[in-house]
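Some notes on the structure that comes next.
Residue numbers (the numbering used here): -2 to 520.
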């Protein structure tokens, strides 16, 4: 029910000389006249209040209220169970989908347990194979039948594929740090904060989240996060958990007992100046000789700017579902691998039983399970069709990368792929996260190919990844006794036809984990 004042009995409100346009009723301000007048105080009582006038400013009376039904059409967004499941399946990686499908097979009587086969080797079914240079890019693979999903398998002798190539050996950085946290954390609260911080430490050992941001995400005081961070920064390898290069160097020198007031002042106040100033000028500002500065720099160079570099990547295997192979005619073939999924088929006996059962509870149960089984099969088929379309489009748009390498990686946005494939941008985002593509140039997450940052080259547009890759190459080839400054790298890129500022070079260098010029100098 909606309460609305009766316009016929709304009190007349007059503007007085000197009064602002818009009278005041019961302490609230409303415009005089027009549609705003009906917004006065509402009550569920009678339209007449004893001792109060229904009209006029002086009376300040209540308006009349009628209680009557208000019928109308309204639109609401409602996600069905099938749609929710389909969105969830789109977001899953190959491992997650395998675990989810296994759970559904075990719980749903419409699936046969005999259909499940443990994932062994990535085998690319030919039914997904297609030349991406063909005109009908997406016509071969539809959404599939809601009745079956068949993970076809080929003869192992036809595929020289080693699953072990996607496994990393040894402890990971996360495992190493979490073990130390388990032994040293003071209570479950500190352990939870430490686990969150460790999860935000990159492969070089640097913390990639601010303390205030971590505190806001966890809902705890910043001081508490800082205390746990100080604990993590005491872990091995020394320097882990630092937020920048200067803090990393200070942590290592402090723990080794080599930190002196001179070194601390040099690192905190003058380390970044080596990019733009000469050692003589810095020594003069610090009031020390060049020999003293050289000795201090030798101590700094003994530190490791990437404290976590000896650790491998997480040991969780990567299952590349998309395989890109180079053909003899210069084209590329895209295929999908569903080696990790069983042959999912609805049991015809249970289907017949569901249509003939008489008991209401049993009928309801079987009907729900049948609907879940059909929804799972349809969701997997749709996921594979979408993944295939997106992969084909990406290969077609980034074909120069596969032919020539990183320098030819083009800027590409999810909106462009969404428009080309006819799906929404959010669908492209979901299917690209956590899914991998095996190519002649290595294994990449699909998100790797999306880069909006672009720089105009001499005869092409290059992406930020190409610029970062080139910066890494320039640093690898530099003279160790006279390393390149950020300005020198910027000028080198300019000579190659790519205009990048010194500030941007500095940003990309730090993202790559490359230390500053002073820390890279070797005698």
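The C-beta atom is built at its ideal place from N, Cα and C for all residues, glycine as well.
This one's a predicted model, so the numbers in the text were calculated from it and none came from an experiment.
Quick check on this structure: which residue in the options has the alpha carbon closest to the alpha carbon of residue i?
i	options	result
residue 534	481, 192, 260 and 462	Here the chain has residues from -2 to 520 only, and residue 534 is not among them.
residue 184	198, 225 and 322	225
residue 304	291, 277, 357 and 236	236
residue 478	291, 195 and 169	291
residue 507	266, 203, 276 and 99	203
residue 217	399, 191 and 199	191
residue 421	70, 84, 69 and 361	84
residue 298	317, 327, 326 and 249	249
residue 315	461, 362, 296 and 432	432
residue 467	439, 497, 269 and 173	497
residue 332	430, 318 and 326	318
residue 307	260, 188 and 233	233
residue 327	445, 510 and 437	437
residue 300	269, 247, 265 and 274	247
Which of the three DSSP states is assigned to residue i in this structure?
i	result
residue 195	helix
residue 337	coil
residue 498	coil
residue 441	strand
residue 237	coil
residue 89	coil
residue 224	helix
residue 479	strand
residue 68	coil
residue 320	strand
residue 526	In this structure the chain extends from -2 to 520, so residue 526 is not present and cannot be described.
residue 395	coil
residue 204	strand
residue 81	helix
residue 177	helix
residue 210	helix
residue 299	coil
residue 242	helix
residue 355	coil
residue 330	strand
residue 460	strand
residue 100	helix
residue 275	coil
residue 289	helix
residue 256	coil
residue 435	strand
Return the chain-ordered list of same chain residues with a C-beta closer than 8 Å to the C-beta of residue i, the five sequence neighbours on each side being excluded.
i	result
residue 262	283
residue 514	271, 272, 480, 481, 482 and 483
residue 367	107, 343, 347, 348 and 351
residue 254	none
residue 98	338, 339, 341, 373 and 377
residue 469	509 and 511
residue 77	none
Cβ-heavy atom distance between residue i and the ligand NAD below 8 Å?
i	result
residue 89	With respect to small molecules bound, the structure shown includes none, and the ligand NAD cannot be examined in it.
Here's a check: name, in chain order, each residue in its chain whose Cβ is nearer than 6 Å to the Cβ of residue i, leaving out the five neighbours to either side.
i	result
residue 390	414, 417 and 418
residue 211	222
residue 372	79 and 82
residue 402	none
residue 256	250
residue 503	483
residue 519	477
Less than 9 Å between the C-beta atoms of residue i and residue j, yes or no?
i	j	result
residue 321	residue 435	yes
residue 107	residue 344	yes
residue 428	residue 443	yes
residue 178	residue 228	yes
residue 323	residue 441	no
residue 198	residue 170	yes
residue 464	residue 490	yes
residue 499	residue 458	no
residue 505	residue 461	yes
residue 510	residue 196	no
residue 274	residue 89	no
Excluding five sequence neighbours on each side, which residues of the same chain lie with their C-beta closer than 7 Å to the C-beta of residue i?
i	result
residue 302	242, 245, 512 and 516
residue 369	105
residue 276	287 and 290
residue 364	351
residue 487	497, 498, 499 and 502
Give the C-beta separation of residue i and residue j to the nearest angstrom, bearing in mind that I take them to be a contact with Cβ-Cβ under 8 Å.
i	j	result
residue 94	residue 383	The pair is not a contact, with the Cβ atoms about 13 Å apart (cut-off 8 Å).
residue 267	residue 285	Not a contact, Cβ separation roughly 11 Å.
residue 231	residue 239	In fact, because the Cβ distance is near 12 Å, the residues do not count as touching under 8 Å.
residue 411	residue 392	Not a contact, Cβ separation roughly 16 Å.
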